[in-house]
Every structure is written in structure tokens, then in C-alpha cells.
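Chemist:
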Amino acid sequence: MAAETERFVLVGGGPAALAAARSYRDAGAVGEVLMLSADTEPRQPRRPAARHRGGRS
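Following my numbering, the numbering of the sequence shown begins with 1 at its first residue and continues without gaps.
(1) Name the two residues that bound the continuous beta strand (DSSP E) containing Arg43.
(2) Please state whether DSSP places Arg22 in a helix, a strand or coil.
(3) Considering only residues of the same chain and omitting the five flanking positions on each side of Thr5, which have a CB-CB separation below 8 Å?
As C-alpha cells, this is what we get:
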């Protein structure tokens, strides 16, 4: 019987999915990471949108 391989599946290819994949690796996981996304082009680096502008909440 073959050993089972861990697989970490992420739905979406945005910043949250990237952060989840990094956290998974940072925790020492070595299993396969699979990102499912409807994007047809590779993700381009983007700055996160500011939630608060001008110091107001």
C-alpha cells in the first residue's frame, strides 16, 4: 500500500490564497499545494488596497 501524500487545496489565486500557502509552508508542511483559480494569466504582484485612508476608520 502506498503512503498517502498530503494535499493543501486553495480555491482562488489572490493575496489571501498566497498568504495561506505561505503560512502552510512556514508551519513546516511539505505536502502538495494546489491553487484553483479561474484566472487565465499568471498573477501579477499588486499592492494590497488600503482599508483605511487618511487615518480614519
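Backbone N, C-alpha and C fix where the C-beta goes; we use that ideal spot for every residue, glycine too.
Modeler: Once the coordinates are examined:
(1) Neither: Arg43 is in no beta strand (DSSP E) and is coded neither H nor E.
(2) helix
(3) Gly31, Glu32
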